[in-house]
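Please read the structure below before turning to the comments.
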Amino acid sequence: IVDDVDSSQQQPSSSSEGEREDDRVRQRWECLACWIYFFLLFAVSYAIPWPVYKRPIPVQRLGDNLYVRNQAYNEPVREDTVSTTALVLICGVAPFVVQMVLSSFGTRSERRRVLHKDNDRHQTLCVYLVAISTNNVATEALKLYCGSLRPIFYAICQPDEAYETCTTTDSSELDDARKSFPSGHASQAWNGLFLLTLYLHQTWGVGGKCRRSIMMARGMSFVAVLPVVLATWIAASRIRDNQHFAADVVGGSM
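Numbering (the UniProt record's numbering), first residue to last: 1 to 254.
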């Protein structure tokens, strides 16, 4: 009888260990697929020199050697409030690291804690890899297809006297001046920081699976809003920096 009881107690434990190992194997394969997807999409975006749609220089001719510029594209060049490097760190690296750290805090049950940590880390890695690469490709594809001019286009282009061609010798900078819609800063900011907002609210906020007390849940629900506030500020800074129009920022944020 004692042997039967011992075997009945050991069987569920071994079964749960087997299920846990199966989950880990599945997660490894899913992570590998996510990494392949990530590098494949970045290769498509940057390794292949896709051409940008080149609109004619916007100008109104009033007479012989008399032209009027479109003032919408005649803004001066300003220094970026949020540089590209800062954008990657704030909206890509930081949310990912914060979410990975928070996923270390599980539920009270030790077994559920281990499963929760493994699953959350796995999902966090895959979500960020897929979201960042997909957002990057979609944004760059729209930029190339639309060829929308930035508010600083004249300053970058430096058109000739007849406003037929640009005199600048920096072709990469000129191509970038034709990529106003949608805003890459806005899309990357909302992509990374909104993911963090969703995680904080669904995991630690009101009704979250790791809620300790109602006061903590309410506090975390408030904290969860802060990343999207930061994303909104980053997106708005692109209008202030004369890099984008309002429609570009709205389109990128969506």
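No residue lacks a Cβ here, since even glycine has one placed at the ideal position from N, Cα and C.
(request) Please specify which runs of the beta strand (DSSP E), each continuous and at least 3 residues long, are wholly inside the segment 57-116, giving them in chain order. (result) 59-63, 66-69
(message) Assuming C34 and A189 are in contact, meaning their beta carbons sit under 8 Å apart, how far apart are those beta carbons, in whole angstroms?
(response) Not confirmed; about 22 Å, so no contact.
(message) By the DSSP assignment, the alpha helix (DSSP H) with S221 in it spans what residues?
(response) 214-240
(message) Q60 and L196 - do their beta-carbons sit closer together than 9 Å?
(response) no
(message) Using 8 Å as the cut-off, can you tell me whether the segment 170-180 makes contact with the segment 76-88, which would need three or more C-beta pairs spanning the two stretches below that distance?
(response) no
(request) Check each candidate in Y163, A177, F181, E164 and name the one with the smallest Cα separation from I152. (result) A177
(request) Assess, as a yes-or-no matter, whether the segment 117-136 is touched by the segment 215-227 under the definition of 3 or more beta carbon pairs within less than 8 Å. (result) no
(request) Return helix, strand or coil for F245, following the three-state DSSP convention. (result) coil
(message) Is the beta carbon of Q243 closer than 9 Å to that of R150?
(response) yes
(message) Quick check on I214: buried or exposed, where buried means 16 or more other Cβ atoms within 10 Å of its Cβ?
(response) exposed
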